[in-house]
Each structure stands twice: as C-alpha cells, then as structure tokens.
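Beneath this line is the structure, given in structure tokens, with notes to follow.
Number of protein chains: 2
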Amino acid sequence: MLKAAVLGAGYMGSAITYPLSDNGIETNLWGTWLDDDLISGSLDGLHPKLKKPLQDGVFPMYSKDLKRAVSGVDIIFIGVNSEGFIPVFKMLIDIIGETKDKNYYFFKLTKGLVNFNGKIVRASQAAREIFYKKFGSKDFLWTTVGGPVRALDLAHKTVSATMYGISEGICGEKIKEIISRLSTDYYRIFTSDDLTGVETCSTFKNIYSIAPGICDGLFREKKEGLYHNTVAFLFNQASIEISKVVSAAGGKKETAFNLAGVGDLHVTSVAGRNRRFGEMVGKGIDPDTAFKKMFEEGEYGEGYTALKLAMPWLSNFNINVKTELPLLDTLHNIIFKKAEPYDELTRFIKNLGS
Amino acid sequence: MLKAAVLGAGYMGSAITYPLSDNGIETNLWGTWLDDDLISGSLDGLHPKLKKPLQDGVFPMYSKDLKRAVSGVDIIFIGVNSEGFIPVFKMLIDIIGETKDKNYYFFKLTKGLVNFNGKIVRASQAAREIFYKKFGSKDFLWTTVGGPVRALDLAHKTVSATMYGISEGICGEKIKEIISRLSTDYYRIFTSDDLTGVETCSTFKNIYSIAPGICDGLFREKKEGLYHNTVAFLFNQASIEISKVVSAAGGKKETAFNLAGVGDLHVTSVAGRNRRFGEMVGKGIDPDTAFKKMFEEGEYGEGYTALKLAMPWLSNFNINVKTELPLLDTLHNIIFKKAEPYDELTRFIKNLGS
C-alpha cells in the first residue's frame with residue numbers, strides 16, 4: 004500500500020489529497036509555517052480555502068511535524084509556493100537523508116522559477132542538485148506536475164486532465180508505474196517526457212494570464228464586456244510566446260500546444276489568482292501594492308514573482324525578449340517599469356499586424 | 004479611391020463596414036432575402052443586431068438591389084451564412100460577369116463547408132470553380148478571412164487582430180496591397196499563405212466551440228461554476244484535433260496554433276452562437292430543435308451545419324475520426340446520433356489519459 008506526504012496545505016496541496024484518498028493512499032498533509040490556520044481549520048472539519056472537509060485517510064499536520072509527516076512515505080508531493088520551495092525541499096532532504104536505503108518519488112506541484120545560490124533556475128534543477136548532494140548517484144525519481152487543474156475544481160471532483168512531466172529512461176518507467184496508481188475517473192493523467200517543457204509552461208502560463216486580467220481591469224466597465232477579441236488575441240500571442248520560450252529553454256515546442264501550455268493557460272486566464280492580480284493592475288492599482296494586498300489575504304501571485312525572475316532566467320538562452328516575446332516585454336514594462344497599462348497594451352497591439 | 008460591397012447584412016457583414024468606413028472606403032451593405040429587417044432598421048438609423056448606427060459612407064441596400072450594390076466596386080466581402088453562400092456567389096458572378104475587364108477582390112467572411120453539386124467542399128473551392136467557369140483564366144483574387152473577431156466587439160471598435168488567408172504567388176502580392184488599406188488602429192490584420200489552413204480552422208472552431216457550451220449546459224448549476232478544468236481540457240483537445248484536421252486537409256499544422264485556430268476558438272468558445280447552441284443541448288434540448296429555435300430567432304448555428312458536413316468531407320482525407328478526432332466523434336454522437344450528452348462526454352474523457 005502506497006503512503007504519501009503532501010507538503011504545503013494551500014489550494015493545490017490540499018486538492019491533490021482527494022484523488023490520493025480515493026485511491027486508498029494514506030496521506031499526511033503537512034502545512035508550512037504560513038499554513039497553521041489551514042491545518043487547524045482542516046482538523047476542525049473544514050479546509051478554509053477549499054471549503055470542504057478533507058477525506059478519510061488524510062491527516063493534517065502542523066509545520067513542526069515535518070519529520071512525522073514524511074515518515075514511512077513513498078510519494079512526496081511538494082505544493083508550497085515558489086518562495087518556500089528551496090527552504091522546504093532542503094528541510095525535506097535533511098530529514099529523509101537519514102533513510103538512505105529508501106526510494107522516494109517526488110511530485111512538484113509548485114510553479115515558477117527559484118533563486119538557488121544566486122542563480123535563477125527551474126525548481127526541479129535546484130531540487131536535483133540538493134538531492135544529489137545528499138544521495139550521491141541514487142535515482143532522482145522526479146515528476147513536474149502541469150495543468151490544467153484549478154485546485155478548487157479538483158477538490159469538487161470536476162473531471163480534470165493533467166500533464167505530468169517525467170524524466171526519460173529507466174527512472175521514467177518506474178515513475179509511470181506509480182503515476183498509474185494516482186488517477187481516478189475525475190483526475191485523468193497524461194505523461195510527457197518533456198519535463199523541461201512542462202515545467203517552463205507552468206511558469207509562463209502564470210505570467211501570461213496576467214494579460215487577460217489587465218484587460219478585465221481596463222475594459223470591463225468601459226467596453227461593457229465587448230473585448231473578447233482583445234483577450235483572444237492576447238491568449239493566442241501568449242501561447243505562441245510560451246512555445247518560443249519552451250524551445251529556447253531546450254523543451255519541445257509542441258508541449259506548449261498541449262495540456263501544460265494552451266490548456267493550463269486557458270484555466271489560469273479565466274479563473275486564477277494571476278488573472279485577479281492583472282485585473283487589479285488594469286484598474287490602476289500599483290503592481291507592488293496589488294501583490295502585497297493579495298499576499299496579506301493569503302493569495303500568492305506566482306505570476307508576479309515568475310515575471311520578475313523570468314528576465315534574468317531568459318538571458319541564459321538564445322532569445323530576444325523585445326522582438327520575439329513582445330507581450331512578455333509589455334507585461335514586464337507594466338508590472339516592473341510602471342508603464343501605464345492602457346498605453347502600453349495598445350502600443351504593443353498596434354505594433355503587430357498591419 | 005477604393006469602393007466596396009458587403010454581401011450579407013448580419014453580424015459580421017455589418018461589423019466589417021466600420022473599419023472600411025474608417026478607411027474612407029465607400030461601402031454598399033447588401034442584405035439577402037433574409038435580411039430585409041436588418042436593412043430597414045439600418046436605414047432607420049440603427050442596425051438591429053449591432054445596436055449601432057452604420058457609419059458615414061455605408062449604404063444599406065435591399066436584396067433586390069444586388070446589381071446596384073456591386074456596381075463599380077473593387078472589393079467584395081461575402082458575409083452570408085454557409086447555406087446562402089453558393090446561391091449568392093452564383094448571383095454575384097452572373098452580375099459581375101458582364102464586366103469582364105475589371106478585377107475584383109473577394110473576401111470571404113462566411114465560415115463553413117458547402118454542398119456544391121452534391122460534393123462537400125470548402126466554400127473557396129466552390130467559389131473558385133464558379134469563378135473560373137465565367138472568367139476563364141483570369142486572376143482569382145481571393146481571401147478567406149479568419150478570426151478571432153466577434154462582430155459585436157469589432158463594431159464597438161475593440162482592438163481586434165485577425166488572420167487573412169491568401170493565395171500564394173503574384174495574386175497574393177496584389178491582394179496584400181489591398182489588405183494594407185483595410186486595417187485600422189483597432190483592426191489589425193495578419194496574413195497567412197495557408198489559405199487551406201485558415202479556412203479549415205474557421206470551420207472547425209465553430210464545431211468545437213459547441214463543446215464548452217455543452218459543459219455550460221450540463222454543469223453550470225450542478226457544479227456551481229467549478230468546471231473550468233473540464234472546459235480547459237476540451238479547449239486543448241479541440242485545438243489539437245483542429246491541427247490534425249488542418250494537416251490532413253493539406254494545410255499547415257501551425258496555422259491551428261495561431262489566430263485563425265487557437266485564437267478564434269477562444270473567442271467563439273467564450274461568446275459565440277455555437278457555444279449557446281451547445282448550452283441548449285447540454286440542458287437537454289434536442290439538438291435539431293435547438294438549431295431551429297435559434298434559426299427562428301435569426302441566429303444561424305454554423306457549428307451544427309459544419310459538423311453535419313464535416314463527416315463526409317473528412318472521408319476525403321487520410322484521417323480516422325474515431326481514433327484521431329475523438330472529441331469530434333463525441334460531438335457528432337451527441338448532436339446527430341442523439342447520444343446523452345453527460346454520458347457521452349464523460350465516456351470520452353475517461354477513455355483518454357490514464
């Protein structure tokens with residue numbers, strides 16, 4: 004019988020416990036030092052974000068209990084936010100480092116880039132380095148979980164399909180066997196051997212979904228809802244730019260035109276936190292203020308952080324942001340260079356087409 | 004000075020007159036025998052569908068005045084529905100056949116497949132044959148207009164980008180020169196030499212946008228809005244299947260992952276008539292009844308007709324509908340084989356992934 008730990012008791016970490024429970028997998032749901040209220044709410048009978056009780060076989064645990072949470076587990080889902088990823092993964096490896104004979108399967112729900120020893124990298128790259136330092140040449144059994152899965156909908160068992168990015172080769176085969184035990188009728192899992200592509204898509208869909216949000220903020224009242232064409236244009240441009248970023252980063256272009264790309268961009272653009280962040284910016288709220296306001300409400304705007312880190316990260320690759328990723332450049336100007344959203348967005352659009 | 008005629012005074016035909024007018028192009032807006040109310044409303048000062056007056060230099064004309072409408076024009080936009088396309092285009096060619104020394108530029112706004120002498124073909128293929136029969140070896144200066152442009156939003160001058168599919172070679176160069184005189188600040192035109200791809204995308208996005216509509220009908224009340232994951236999955240599946248159809252039909256796969264494909268699918272899925280048709284079906288209304296009900300309200304469900312014609316059309320190509328286009332097959336079962344929408348949709352989803 005498989006046993007799992009989920010690190011991070013926010014939306015996605017908590018939502019993934021539903022298919023795990025329905026598969027009979029005993030699961031410890033560990034909350035970080037930011038999640039104490041979520042754990043106590045869950046212990047009282049209702050997860051405060053999901054507004055649902057957790058299911059049988061799911062055990063909420065406070066931040067002080069990490070060691071207990073991961074004791075004896077086979078599968079570890081990491082669902083903390085990108086800022087907490089490195090500290091939590093280091094703590095995790097220190098603890099499980101004591102059990103060198105055991106194989107762990109890691110599933111990363113966290114989206115975004117991380118600052119690892121002063122260098123901006125994909126989270127799985129940092130994790131791999133931390134892992135090998137402790138475990139030497141042991142198998143790194145890693146999966147990067149992509150979308151399109153909104154946590155709230157998953158917790159309510161809406162039919163969802165998701166793309167898991169796994170490493171190729173023998174490790175991939177082992178991981179696939181485990182993955183086959185995680186799906187349910189309402190949680191369909193597709194796998195891709197383009198881990199780089201899946202992970203890059205997950206980061207950039209958060210960034211690009213700020214754009215339709217900005218449109219909502221700018222146009223919902225002014226245009227009486229009649230700005231679907233603009234949103235569709237930005238959605239399309241975003242999917243094309245994501246495919247270019249994926250290629251430049253060494254992934255497969257087509258990954259961007261599948262579930263982890265176009266699919267995840269769709270759900271995030273319609274209903275995510277990053278869309279909400281964009282809407283605030285479109286309404287004229289200063290981007291830093293908007294990010295802080297959401298943070299104080301317990302909502303982490305991953306797109307904001309990812310956009311900040313994307314620029315130094317992209318400089319590692321052969322891609323010209325201004326000419327090849329004009330929408331990304333536009334978003335960066337609005338969010339971090341304080342360009343006026345309406346002027347900047349219309350300038351961008353008018354520069355394209357003929 | 005360019006002069007234009009627009010055939011069909013419904014949503015899109017009427018909406019295109021705004022950028023034409025803003026470019027100083029005198030435009031006759033001709034209504035078919037179904038459009039008399041639209042013409043009289045427009046002459047009275049307000050287009051009944053767009054809820055806006057037409058602009059200066061736009062002249063509404065009744066169905067009896069086709070000859071006057073196309074007299075002396077250079078550009079002809081055809082915006083009738085797919086059912087009216089062949090009869091209207093034949094009438095048009097008969098009339099302009101009298102002026103054999105003149106070059107006409109045709110722009111097809113109509114979406115969908117047509118039944119031409121008992122064979123199902125793309126509308127531009129039928130038009131080409133009708134044209135050559137009258138004009139021999141004269142240049143066929145043809146453009147198929149793609150999306151993503153919702154007529155109502157265009158008429159309100161929301162920033163829109165659109166993909167025009169043109170023929171390659173010398174004709175293409177002549178057409179491009181004309182196209183450069185049609186754009187405005189709010190109507191940005193991109194061109195593609197993949198006419199087949201653009202036209203195929205425009206047909207199939209109407210079909211596939213029925214799917215999120217069915218979800219709305221099935222789940223909006225039951226799932227309290229929490230079915231974004233399902234819609235995103237269907238959107239993604241639709242874009243992948245459209246790319247396969249485009250390839251099979253001789254177009255370029257990447258056209259499906261650009262404005263005429265993913266972009267147009269986006270706007271149509273969110274706000275189109277086909278989505279509304281799907282919603283009625285999802286709510287349990289018989290598909291034929293839903294189509295008729297909309298028709299009686301003056302709304303033509305192009306997706307319904309296109310889906311009916313798609314099956315015989317696809318049999319011309321090397322593609323297996325059941326295995327390669329499972330969502331199309333599912334929609335066909337629901338709409339034309341009276342399969343129960345919930346059962347059929349969930350069966351389809353559960354057959355995918357692992």
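Chain order of the listed sequences is A and B.
Count along the first sequence starting at 1, add 3, and that's the number in this note's numbering.
Count along the second sequence starting at 1, add 3, and that's the number in this note's numbering.
Even glycine gets a Cβ: it sits at the ideal position worked out from N, Cα and C.
In this text the structure is predicted, and so the values were computed from the model without any measurement.
When C-alpha distances from tyrosine 108(B) are compared across Tyr21(B), Val148(B), Arg125(B) and Val83(B), the shortest belongs to Val148(B).
Between proline 151(A) and histidine 269(A), the CB-CB gap stays under 8 Å. Annotated three-state conformation of lysine 111(B) is strand, per DSSP. For glycine 356(B), a Cβ of chain A is located within less than 8 Å of the residue's own Cβ. Chain-order list of chain A residues neighbouring arginine 125(B): empty, with the shortest C-beta distance near 22 Å, by a criterion of under 7 Å.
Within the stretch 52-79 of chain A, no residue has its Cβ closer than 9 Å to any Cβ of chain B.
For arginine 184(B), the three-state secondary structure derived from DSSP is coil.
Arginine 153(B) is not a Cβ neighbour of glycine 216(B), given a cutoff of 8 Å. With contacts defined by Cβ atoms closer than 8 Å, asparagine 26(A) and threonine 187(A) form a contacting pair. Proline 315(B) counts as exposed, since fewer than 16 other beta carbons sit within 10 angstroms of its beta carbon.
In summary, isoleucine 173(A) is exposed, with fewer than 16 beta-carbon neighbours lying within 10 Å of its beta-carbon over all protein chains present. With a beta-carbon spacing of about 18 Å, lysine 208(A) and glutamate 327(A) fall beyond the 8 Å limit used to define contacts. Interface annotation, threonine 20(B): not in contact with chain A, CB-CB separation never under 8 Å.
Using a C-beta cut-off of 8 Å, the stretch 235-245 of chain A makes contact with the stretch 327-336 of chain A, since at least three inter-stretch Cβ pairs fall below that distance. Phe260, Asn261, Leu262, Val265, Gly266, Asp267, His269, Val270, Val273 and Ala274: these are the residues of the stretch 259-277 of chain B whose beta carbon lies less than 8 Å from some beta carbon of chain A, given in chain order. Against threonine 161(B), the close residues of chain A are Phe222, Lys226, Leu229, Tyr230, His231, Asn232 and Thr233, in the order they occur along the chain (beta-carbon pairs closer than 9 Å). Taking a cut-off of 8 Å on C-beta distances, the stretch 227-237 of chain A does not touch the stretch 285-294 of chain A, as fewer than three cross pairs fall below it. Interface annotation, valine 152(B): in contact with chain A, CB-CB separation under 8 Å. In this chain, the beta strand (DSSP E) harbouring glycine 168(B) covers 163-169.
Not one beta carbon of chain A lies nearer than 8 Å to the beta carbon of threonine 333(B). Residues of chain B whose Cβ lies closer than 9 Å to the Cβ of arginine 191(A) are, in chain order, Phe236, Ile352, Lys353, Leu355, Gly356 and Ser357. DSSP, reduced to helix, strand and coil, places tryptophan 33(B) within a strand of the structure shown. Below the 7 Å Cβ cutoff, chain B contributes Lys353 as neighbours of aspartate 188(A), in chain order. Taking C-beta atoms under 8 Å as the contact rule, isoleucine 42(A) and glycine 48(A) fail to qualify, at a distance of about 12 Å. Closest in C-alpha terms to aspartate 219(B), from the list Ile98(B), Lys52(B) and Gly275(B), comes Gly275(B). Judged by DSSP secondary structure, valine 248(A) falls within the alpha helix (DSSP H) whose first and last residues are 231-251. Collapsing the DSSP output to three states places arginine 276(B) in a helix. Below the 8 Å Cβ cutoff, chain B contributes Phe260 and Asn261 as neighbours of isoleucine 243(A), in chain order. Around threonine 349(B), the beta-carbon contacts reaching into chain A at under 7 Å are Val162. Using beta-carbon distances, asparagine 26(B) does not count as an interface residue toward chain A, since no partner is under 8 Å.
Tryptophan 36(B) counts as exposed, since fewer than 16 other beta carbons sit within 10 angstroms of its beta carbon. Within chain B, the residues whose beta carbon sits less than 8 Å from that of serine 183(A) are Ser357, listed in sequence order. Taken atom to atom, the span from the alpha-carbon of aspartate 97(A) to that of serine 17(A) is near 24 Å.
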